[in-house]
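**Q** Each residue of the sequence shown is one higher than the one before, starting from 380 at the first, in this note's numbering.
We put the beta carbon where it would ideally sit given N, CA and C, even for glycine.
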Amino acid sequence: MELRQRLAEHLPMFGLEVRTPRLLLRYPDDEDALALAELGAMGVHDPGTQPFSILWTSVPPPHQQRNTLAFLWDQRSTAQRDDWHLPLVTVVDGEVVGTQGVLASSWTVLRQVETGSWLGRAHQGRGLGTEMRAAALHLAFAGFGAVRATTGAWHDNGASLTVTRRLGYRPNGDRLAVREGEAVVMEGFVMDRADWEPHRRDDIELVGAEAVAALFGTERPPGS
Numbered sequence: 380m381e382l383r384q385r386l387a388e389h390l391p392m393f394g395l396e397v398r399t400p401r402l403l404l405r406y407p408d409d410e411d412a413l414a415l416a417e418l419g420a421m422g423v424h425d426p427g428t429q430p431f432s433i434l435w436t437s438v439p440p441p442h443q444q445r446n447t448l449a450f451l452w453d454q455r456s457t458a459q460r461d462d463w464h465l466p467l468v469t470v471v472d473g474e475v476v477g478t479q480g481v482l483a484s485s486w487t488v489l490r491q492v493e494t495g496s497w498l499g500r501a502h503q504g505r506g507l508g509t510e511m512r513a514a515a516l517h518l519a520f521a522g523f524g525a526v527r528a529t530t531g532a533w534h535d536n537g538a539s540l541t542v543t544r545r546l547g548y549r550p551n552g553d554r555l556a557v558r559e560g561e562a563v564v565m566e567g568f569v570m571d572r573a574d575w576e577p578h579r580r581d582d583i584e585l586v587g588a589e590a591v592a593a594l595f596g597t598e599r600p601p602g603s
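(1) Just confirm the distance between the C-beta atoms of M511 and G477, as a whole number of angstroms; I'd bet it's less than 8 Å.
(2) Give me the Cβ distance between R572 and V542, rounded to the nearest whole Å; I'm assuming they're in contact under 8 Å.
(3) Is it true that the CB of L467 sits closer than 8 Å to the CB of R405?
(4) If you check the beta carbons only, do M392 and L465 fall under 8 Å apart?
(5) Measuring CB to CB, does A588 end up less than 8 Å from G522?
(6) Give, in chain order, every unbroken run of the alpha helix (DSSP H) that is at least 4 residues long and sits entirely within the region 499 to 572.
(7) Below 8 Å on the Cβ atoms is my guess for D408 versus R383; work out the distance and round it to an integer in Å.
(8) Just mark S496 as buried or exposed, buried being the case when its beta carbon has 16 or more other beta carbons within 10 Å.
(9) As a quick exercise: from S456, M570, T509, pick the residue whose alpha carbon is nearest that of T399.
(10) Going by DSSP in three states, T494 sits in which element: helix, strand or coil?
(11) Is G596 helix, strand or coil by DSSP?
(12) Pull up the distance between the alpha-carbon of E474 and that of D461, whole angstroms please.
(13) Only counting the same chain, and skipping five residues up and downstream in sequence, which positions put a Cβ closer than 7 Å to that of Q454?
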């Protein structure tokens, strides 16, 4: 039995996969984590821009890689019934090209998730950002029985805002937040299950989602 399968017996996240015609989302093992850390250090955005709230891309190597590895390992140990973060890696043709996160707080009460993602610069501009977000939403709504998904982006993050609007989110107000010492507008968006259903796809396959849903305290509802 492969190590990933053995781990999945105790931590079901290691058995989770979301498959689309273009990519695969899976929970990162150590090999995936290392690939993602090295990918991030190669560059995620233009040096003159900052799409993130946490300035992790400003940390120089090798500290950035260490921080990424520490973050991924921390999520393994801190995931619990009501508060969890799935930092899935995005894989295309066997290569880790980015990450798509799905996280929740007070999950069993709210059934609400938030998403966040990034792609290595060499893999941007190919529509993968839209595909991986669609996969994450399918996991949340069809796999976990979520009732709402939220996301946000800086007002000048055109790529992220385009993906969000394309997938059917509704504006949910904006707020001022600090970015590199300055007040900048963060635009918020929300998607209820009724907003997602018209965009629901029949070519996305879930593997191991029920076991993860049970770990997080909710069984997948009938018809989801």
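**A** From the atom records:
(1) 7 Å
(2) About 19 Å separates the two Cβ atoms, so there is no contact after all.
(3) yes
(4) yes
(5) yes
(6) 507 to 517, 537 to 545
(7) 6 Å
(8) buried
(9) T509
(10) strand
(11) coil
(12) 32 Å
(13) H464, P466
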